[in-house]
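Those letters in the sequence shown? Residues 710 to 1295, by the working numbering.
No residue lacks a Cβ here, since even glycine has one placed at the ideal position from N, Cα and C.
Treat the numbers as computed from the prediction; the structure is a model and nothing was measured.
Written below as structure tokens is the structure these notes are about.
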Amino acid sequence: MNTSDRNAAQQAAAQQWLEQVTDPKQWQSMFNLMQAGLPSMASMPAMPNLPAVPPMTPVNAAVPPEKLAQLQKDYTEELSTLWTALVAQRAPEIRDRRFADPAWHQNPLHAFNAAVYLLNARYLNALAEAVEADEKTKRKISFATQQTIDALSPKNFLATNPEAQQKLVESKGESLTRGIMHMLADMGKGHISQTDESAFEVGRNVATTEGAVVFENEVMQLLQYRPLTNEVHERPLLFVPPCINKYYILDLQPENSLIRYAVEQGHTVFVVSWVNPDAALGHLRWDDYIEQGPIRAMEVALDISGAKQLNVLGFCVGGTIVATALATLAARGKHPAASLTLLTTMLDFTDVGVIDVFVDEQQVAQREQSIAQGGLMPGRDFSATFSSLRPNDLVWNYVENNYLKGEEPPAFDLLYWNSDSTNLPGPMFCYYLRHMYLQNELRKPGKLRVSGDPIDLTKLTLPAFLYASREDHIVPWGSAYLTTGLINKGKRKQNRFILGASGHIAGVINPPAKKKRSYWLNDALPNSADEWLAGATEQPGSWWTEWSAFLAEHAGAMRKAPGKYGNTRHKPIEPAPGRYVKVKAA
């Protein structure tokens, strides 16, 4: 074969790879292959809650011939070295932590399999990086390639996993029997078990801070918590959590509950507990969530407390909803909030991080076609999407341990909450997806409306505490920082930005008593997030104490703590945590 023919063959192979990595049918085949790799599983239904993969239209992309030739040359040389080592019965060095168990190193064949897998992974990632295409297409190709790599690890197949094989022999087949039973149970539940879900019950050993439901409508229940101090601040504090998760991530255990911490600081705390909608609520819109969620919650909290203003906290999409609600009220000439706290929240969606691979006109239009006029966005779809952002930790780790090794998942409250998914009404979700993630219109004054009122975030002028997590893969911290330029226009110093260590959840749930992690402070607010970080100083421990001091400044004078829940207009309905949070997504 001459050079021209060789180059043509290489280009054809690269183009075939590009077509495969962007073809959803190839993904289904891959997952079927993975399923078939588990003994006796091939005839069973598809595995639950596998990572989501964004569909792609045919792409105009190619790998330059010279780059492809160099990659193939490097690959061949490395593969030859590995083969030579195998023939000589020498186990290659493997540094990937997934293959740290001695079983992967004791047998040269298993070490060879792991090493070849890692070589293939490097080659495919390099091939994806070499693709010439627009940036979004490149991100999609890289994301899809990494999903393939993670799914096809030899760790995920009994035939190529020496740890699972060893368990099988030692247990005389019992590990495989247990693994099959675990998989059957998960198929019934619709998701891969990450924890022993029987170990927890909402209201019994998670979400146990004492309180009562003092109001409810079709969108939410409003919880009021019992004071833990003799005196409380005049202004109450309202928490608005994300509606795509249950609120009790903020109240897992007494020692790590942000809700309980706020109560202990002398605040009268109210919390929105969102409905987990069924088909009967599939008609609800974004406007319904704004009007019947935080706007109604603020009205009730102020009525019960007798205060003229309150402090408001929004977490993740709860922060987006709260900011929209406050801008709606501002358009009506109302300003009920004395301060605003936003935790890992985006108001400017210019950079949404890796989630960007799931957001384009094609995918949004497909969702709109199916549920924009009514229906549900299933919670399991959210779970699959978020799992795809960290598949080795949130999917394949459990496939190996639960199914291949037959191990029981440990009891872990955070993972129990993570698996307790929530549906969203189709019209509400499609509006959020298009107007925030796709078209980024919330940041544009007057572009969006709620119940006819224009939304202008620049009209929000109030003290704001803005928190982001440095390793957040859902809300990039730089995107959260952009809020400093959206609200308090002309009064930028009313914004206070704090950056915490760790990720989306672990960074937020970091109680002071644990003395873990750190956070960064910088009173200056330059336009650039990178400039802010360059001038910031790192502090040990939890950011909660900084937030507590901020709240105290805006919570008003102290007064005697109320002796009962609600008032004559809003009487207690039932004890916290209420009914809504206990509803499971179908």
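- Considered as a whole, the region 1165-1191 harbours 1186-1190 as its complete alpha helix (DSSP H) runs of no fewer than 4 residues, in chain order.
- Note that the C-beta distance between F924 and L947 is not below 8 Å.
- In this structure, the CA atom of W1241 is about 18 Å from the CA atom of D1060.
- For the region 841-929, the continuous beta strand (DSSP E) assignments of 3+ residues that do not extend past its boundaries occur at 920-925, in sequence order.
- Sequence-distant Cβ neighbours of S902 in its own chain, meaning closer than 8 Å and more than five residues away, are H891, A894, D895, Y1107, N1111, P1118 and S1128.
- Rounded to whole angstroms, R799 and E787 show a C-alpha spacing of 15 Å.
- Short of 7 Å from the beta carbon of L877, and not among the five residues preceding or following it, lie these beta carbons of its own chain, in chain order: S884 and L885.
- Within its own chain, the residues whose Cβ lies closer than 8 Å to the Cβ of A1222, once the five positions on either side in sequence are excluded, are E964, listed in chain order.
- Around the beta-carbon of K955, 16 or more other beta-carbon atoms lie within 10 Å, marking it buried.
- Bridge partners of E1283 according to DSSP: V922.
- Under the rule that a run must span 3 or more residues, the beta strand (DSSP E) segments found entirely inside the region 970-1019 read 978-983.
- N1204 sits in a strand when the DSSP states are folded into three classes.
- Rounded to whole angstroms, the separation of the alpha carbons of Y1289 and N985 is 7 Å.
- A contact between stretches requires three or more CB pairs, one per stretch, nearer than 8 Å, and the region 1248-1256 meets this requirement with the region 1211-1222.
- About 7 Å separates the beta carbons of I1013 and Q933, which is inside the 8 Å limit, making them a contact pair.
- For V941, the uninterrupted beta strand (DSSP E) segment begins and ends at E940 to H942.
- Nearest neighbour of G1088 by Cα position, chosen from T1193, V1292, L1022 and L1157, turns out to be V1292.
- Counting C-beta pairs with one atom in each stretch, the region 993-1003 and the region 962-976 have fewer than three that are closer than 8 Å, which means they do not touch.
- Look at Y957 here: in three-state DSSP terms it is helix.
- In the structure shown, T1254 adopts helical secondary structure according to DSSP, grouped into three states.
- A1046 is bridged by DSSP to L1019.
- Burial state of S1096 is buried, judged by a 10 Å Cβ sphere holding 16 or more other Cβ atoms.
- Between the C-alpha atoms of A830 and E838 there is a straight-line separation of about 12 Å.
- Each of L1166, F1058 and D1232 was checked against the Cα of L1035, and the nearest Cα belongs to L1166.
- Excluding the 5 residues flanking it on each side, A1245 has same chain C-beta neighbours closer than 8 Å at L1208, W1229, L1230 and N1231, in chain order.
- Rounded to whole angstroms, T1277 and G1083 show a C-alpha spacing of 37 Å.
- According to DSSP, residue pairing for Y934 in a beta bridge involves G920.
- According to the DSSP assignment, K1269 belongs to the beta strand (DSSP E) that extends over M1267 to K1269.
- Under the DSSP assignment, W1229 falls in the beta strand (DSSP E) whose first and last residues are S1227 to L1230.
- Nearest C-alpha to Q1075 among G1027, L1038 and P1136: P1136.
- For Q1248, the beta-bridge partners assigned by DSSP are Y1228.
- The straight-line gap separating the alpha-carbon atoms of R1179 and K1225 is approximately 15 Å.
- DSSP, read as helix, strand or coil, puts R1152 in coil.
- In the DSSP annotation of this structure, the continuous segment of the alpha helix (DSSP H) that includes V796 starts and ends at P774 to V796.
- Remark: fewer than three beta-carbon pairs, one from each stretch, lie closer than 8 Å, so the region 819-829 and the region 842-853 are not flagged as touching.
- Rounded to the nearest angstrom, the Cβ distance from T1054 to G1028 is 3 Å, consistent with a contact under 8 Å.
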